[in-house]
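Let me begin by presenting the structure, written as structure tokens, before commenting on it.
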Amino acid sequence: MAAVESARPQAAKLRWGELEEDDAGDLDFLLPPRVVEGPDENGIKKTTEYRFDEDGNKVKVTTTTRVRKLGKARVSKKAKERRNWAKFGDAVHEDVGSRLTMVSTEEILLERPRAPGTKEEPSVSEGLGPVQPGAVLMVCRTCGKKGDHWTSKCPYKDLAQPPETFVERPSTADAASAAPGGAGRSAYVPPSMRGGGERTGTEMSRRRNDENSVRVTNLSEDTREPDLLELFRTFGPVSRVYVAIDQKTGMSRGFGFVNFVHREDAERAINKLNGYGYDNLILRVEWATPRPN
DNA sequence: AATGAGCGA
180 MAAVESARPQ AAKLRWGELE EDDAGDLDFL LPPRVVEGPD ENGIKKTTEY RFDEDGNKVK
240 VTTTTRVRKL GKARVSKKAK ERRNWAKFGD AVHEDVGSRL TMVSTEEILL ERPRAPGTKE
300 EPSVSEGLGP VQPGAVLMVC RTCGKKGDHW TSKCPYKDLA QPPETFVERP STADAASAAP
360 GGAGRSAYVP PSMRGGGERT GTEMSRRRND ENSVRVTNLS EDTREPDLLE LFRTFGPVSR
420 VYVAIDQKTG MSRGFGFVNF VHREDAERAI NKLNGYGYDN LILRVEWATP RPN
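Heads up: the first sequence begins at 180 in my numbering, then just goes up one per residue.
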């Protein structure tokens with residue numbers, strides 16, 4: 180660095196990036212200027228320039244390039260073919276060739292818990308008689324009843340199939356998605372649970388339920404709940420799947436639980452899948468012992 | 001080898 184500065188004091192004014200220049204760079208003024216010819220009618224451009232090579236010898240460099248004519252982009256055969264397709268969709272009403280790209284007007288409906296602008300939970304006080312102030316948040320997550328009892332005290336909590344008499348409880352999956360925010364419980368339907376129909380009466384619940392609970396261990400670390408569901412649903416309606424996740428790492432802990440609506444299905448699943456090779460590992464499938472609360 | 005999270009007065 181010091182040597183450079185003493186030899187060529189003006190280099191001190193250069194920024195570090197400019198110092199990266201080839202040493203000969205400073206002597207460029209000794210070279211003839213660059214000459215560019217063309218491009219001619221064929222798009223051929225010739226450039227003649229001079230530089231110093233690494234040994235300090237003057238070298239003449241001529242470059243010939245073909246310049247693509249403006250607006251004459253190369254189009255692949257396939258693309259040309261596509262241009263001859265008959266117009267379809269919204270483009271059938273367009274003049275041929277007027278536009279190659281159409282803006283889609285297709286409506287895509289997104290499911291969301293509550294559409295913006297709609298009101299939240301109906302007020303607790305409506306029609307429920309006297310409600311303790313401060314009890315507004317007391318909504319049973321099992322039956323949806325407000326201001327009456329906590330989930331843990333729900334009279335229906337042990338019922339596999341909640342009675343149809345539940346207040347404000349949509350009885351079908353369709354009703355659940357058609358009335359976002361209106362029901363007493365979350366209207367969100369996980370993707371794997373959407374599209375009701377077949378599943379009537381076997382509603383998957385996030386709620387813990389120890390009925391017909393099957394413990395699955397020796398799961399590979401990338402087995403997720405949908406995978407478990409796929410595997411076990413062939414035995415009958417599954418009310419819940421759970422894969423234990425390490426809260427710190429977010430990784431599977433290698434075990435999970437599957438709850439069946441019917442005990443016989445659980446039993447068949449255990450008999451069939453215990454010792455079953457899945458994702459390079461041998462599954463262990465057994466009855467789960469209920470966890471103490 | 002291994003037994004789940006959330007959701008509160």
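Every residue, glycine too, gets a C-beta built ideally from N, C-alpha and C.
Residues that DSSP places opposite residue i in a beta bridge
i: N438; result: S392 and R419
i: S399; result: DSSP output for S399 lists no bridge partner at all.
i: E465; result: R394
i: R230; result: V238
i: K325; result: V318
i: K125; result: There is simply no residue 125 to check, as the chain begins at 180 and stops at 472 in what is shown.
The alpha helix (DSSP H) enclosing residue i, as first and last residue numbers
i: R262; result: K256 to R262
i: E216; result: Here E216 belongs to no alpha helix (DSSP H); instead the beta strand (DSSP E) covers V214 to E216.
i: F411; result: E404 to F411
Beta-carbon separation (whole angstroms), residue i vs residue j, contact threshold 8 Å
i: K224; j: T244; result: 5 Å
i: V464; j: V395; result: 5 Å
i: F436; j: A467; result: 6 Å
Helix, strand or coil at residue i according to DSSP, with G and I counted as helix
i: E446; result: helix
i: G454; result: coil
i: F267; result: coil
i: L460; result: strand
Range covered by the beta strand (DSSP E) that runs through residue i
i: V238; result: K237 to R245
i: R135; result: In the structure as shown, the chain begins at 180 and stops at 472. Residue 135 is therefore absent and cannot be evaluated.
Just checking, does the stretch 395-402 make contact with the stretch 429-441 on the three C-beta pairs under 8 Å criterion? yes
Could you tell me whether the stretch 415-426 touches the stretch 453-468, using the rule of 3 or more Cβ pairs below 8 Å? no
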